[in-house]
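Have a look at the structure below before the remarks.
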Amino acid sequence: MALPALEQPAECRRENARRFVVSLLPGTAVVLLLTFGQWGWAAIVFWTVFAIIGYGSTIPSSRLFGPHVTELPEPQTQQNQVWITLDDGPDPVITPLLLDILDRHQAKAGFFLIGDRAQKHPDLVREIAKRGHLIGNHSQTHPSANFWILRPKRMWAEVAGCQKTLGEILGTPPTWFRPPVGHHNLFLSPPLRALGLTMAIWNCRGFDGVIQDPALILELIGKQLRPGSIILLHDAVPSGPDVLESTLKLIQARGLHPALPEIASPDTRA
568 MALPALEQPA
578 ECRRENARRF
588 VVSLLPGTAV
598 VLLLTFGQWG
608 WAAIVFWTVF
618 AIIGYGSTIP
628 SSRLFGPHVT
638 ELPEPQTQQN
648 QVWITLDDGP
658 DPVITPLLLD
668 ILDRHQAKAG
678 FFLIGDRAQK
688 HPDLVREIAK
698 RGHLIGNHSQ
708 THPSANFWIL
718 RPKRMWAEVA
728 GCQKTLGEIL
738 GTPPTWFRPP
748 VGHHNLFLSP
758 PLRALGLTMA
768 IWNCRGFDGV
778 IQDPALILEL
788 IGKQLRPGSI
798 ILLHDAVPSG
808 PDVLESTLKL
818 IQARGLHPAL
828 PEIASPDTRA
């Protein structure tokens, strides 16, 4: 399926062109060192750069390649608020169940939607918004295996494509973005800045995308849950409704309150 696309601003193209040139410098240095027989130094440079890039790209909390939000601001933390986020929807079976659970608990959440799935279920996207939940951009096709190594053109297509998809369905594009698997790289910040998007990560999760046991998922969440937490859960997984129900009960038992973020966009000049 062809990705829908918004026209990439010239400044975004120039910035990513500069970043692409910078990304070539370590490889150039390694080649030069090898040319002069400096095998040891070449290996040191290669593995050092590889480790830095790997950390910056695949560790969600890393800010090496740009700013993001990992917890609610202090005023909301002091009010014992937490933000529940649900990734990878919409799903025609699971999402309606999640919406009903949230309604029963009078709770609002953030749904980070995949553009391709949103195109198939536009009425469900509108229903999420109608019930007062936040809708965020989770990329157009969710390339989880290689998002961290996407080049500028594809990165723009993923981010801007989902903006276009959700904007056409809702009438207003999202202001929040979450990268697939929390990965990010050198070429993500310019599109986010150009599209007015704030990146949301998390500081509380139960690995419900891979773990099937709701009790174990809840145990992991409980160990990290605190005032100000941004909780990562998943839409479109069979355990999703049970996990959400249990998480909401745990939040209530801890004296915490689900809320949507009241956060100004962080500095996106990185």
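Numbers in the working numbering are just positions in the sequence shown, counted from 1, shifted up by 567. Glycine residues also receive a C-beta, built at the ideal position from the N, C-alpha and C atoms.
Inter-residue spacing [alpha-carbon to alpha-carbon] between residue i and residue j
| i | j | result |
| --- | --- | --- |
| Gln686 | Gln605 | 53 Å |
| Met607 | Ser756 | Rather than Met, the amino acid found at residue 607 in this sequence is Gly. Cα to Cα, Gly607 sits roughly 34 Å from Ser756. |
| Ala727 | Val748 | 18 Å |
| Gly776 | Gln819 | 23 Å |
| Glu812 | Arg698 | 17 Å |
| Arg772 | Pro634 | 20 Å |
| Ile736 | Pro689 | 6 Å |
| Asp780 | Ser806 | 8 Å |
| Pro825 | Pro640 | 14 Å |
| Thr602 | Thr595 | 11 Å |
| Ile778 | Arg580 | 40 Å |
| Glu694 | Gly738 | 13 Å |
| Ala696 | Ala676 | 10 Å |
| Val616 | Leu815 | 42 Å |
| Ser629 | Trp650 | 20 Å |
| Leu823 | Pro642 | 14 Å |
| Arg721 | Leu631 | 21 Å |
| Leu717 | Asp670 | 38 Å |
Exposure of residue i, with buried meaning 16 or more beta-carbon neighbours within 10 Å
| i | result |
| --- | --- |
| Pro659 | exposed |
| Asp802 | buried |
| Arg760 | buried |
| Pro627 | buried |
| Glu725 | buried |
| Ile611 | exposed |
| Ile619 | exposed |
| Val566 | With the chain covering 568 to 837 only, the question about residue 566 has no answer from this structure. |
| Leu591 | exposed |
| Asn713 | exposed |
| Gln648 | buried |
| Pro719 | buried |
| Val810 | buried |
| Ala674 | buried |
| Leu783 | exposed |
| Leu599 | exposed |
Cut-off 8 Å between Cβ atoms - residues of its own chain near residue i, not counting five sequence neighbours on either side
| i | result |
| --- | --- |
| Pro808 | Ile661, Leu664, Leu665 and Ile668 |
| Val636 | Thr765, Met766, Ala767, Ile768, Ile797, Pro828, Ile830 and Pro833 |
| Glu638 | Thr644, Asn770, Gly795, Ser796 and Ile797 |
| Arg745 | Thr652, Asp654, Phe679, Gly703, Asn704, His705, Met766, Ala767 and Ile768 |
| Gln730 | Leu573, Asn704, Pro740, Pro741, Leu762 and Leu764 |
| Leu817 | Leu785, Ile788, Gly789 and Leu792 |
As assigned by DSSP and simplified to three states, the class of residue i
| i | result |
| --- | --- |
| Ser813 | helix |
| Trp769 | coil |
| Leu601 | helix |
| Gly656 | strand |
| Val777 | coil |
| Ser756 | helix |
| Glu638 | strand |
| Val649 | strand |
| Ser590 | helix |
| Gly795 | coil |
| Gly677 | strand |
| Pro808 | helix |
| Gly607 | helix |
| Leu785 | helix |
| Pro825 | strand |
| Leu800 | strand |
| Gly633 | coil |
| Ile702 | strand |
Cβ-based neighbour list, residue i, same chain, cut-off 6 Å, excluding 5 preceding and 5 following
| i | result |
| --- | --- |
| Gln575 | Trp723 |
| Glu578 | none |
| Trp841 | Past the boundaries of the shown model lies residue 841; the chain is included only from 568 to 837, so the question cannot be answered. |
| Phe613 | Val597 |
Contact set for residue i: own chain, Cβ-Cβ below 7 Å, skip 5 residues either direction
| i | result |
| --- | --- |
| Arg821 | Leu792 |
| Arg586 | Leu753 and Phe754 |
| Thr732 | Pro571, Gly682, Ala685, Gln686 and Gln707 |
| Gly734 | Pro740 |
| Glu582 | Pro757 |
Expected contact under 8 Å - CB spacing of residue i and residue j to nearest Å
| i | j | result |
| --- | --- | --- |
| Leu701 | Pro657 | Wrong, their Cβ atoms sit about 14 Å apart, outside the cutoff. |
| Trp715 | His750 | 4 Å |
| Ala609 | Val597 | 5 Å |
C-beta neighbour in chain C for residue i, strict 8 Å
| i | result |
| --- | --- |
| Pro825 | The chain inventory of the structure shown lacks chain C, comprising one protein chain alone. |
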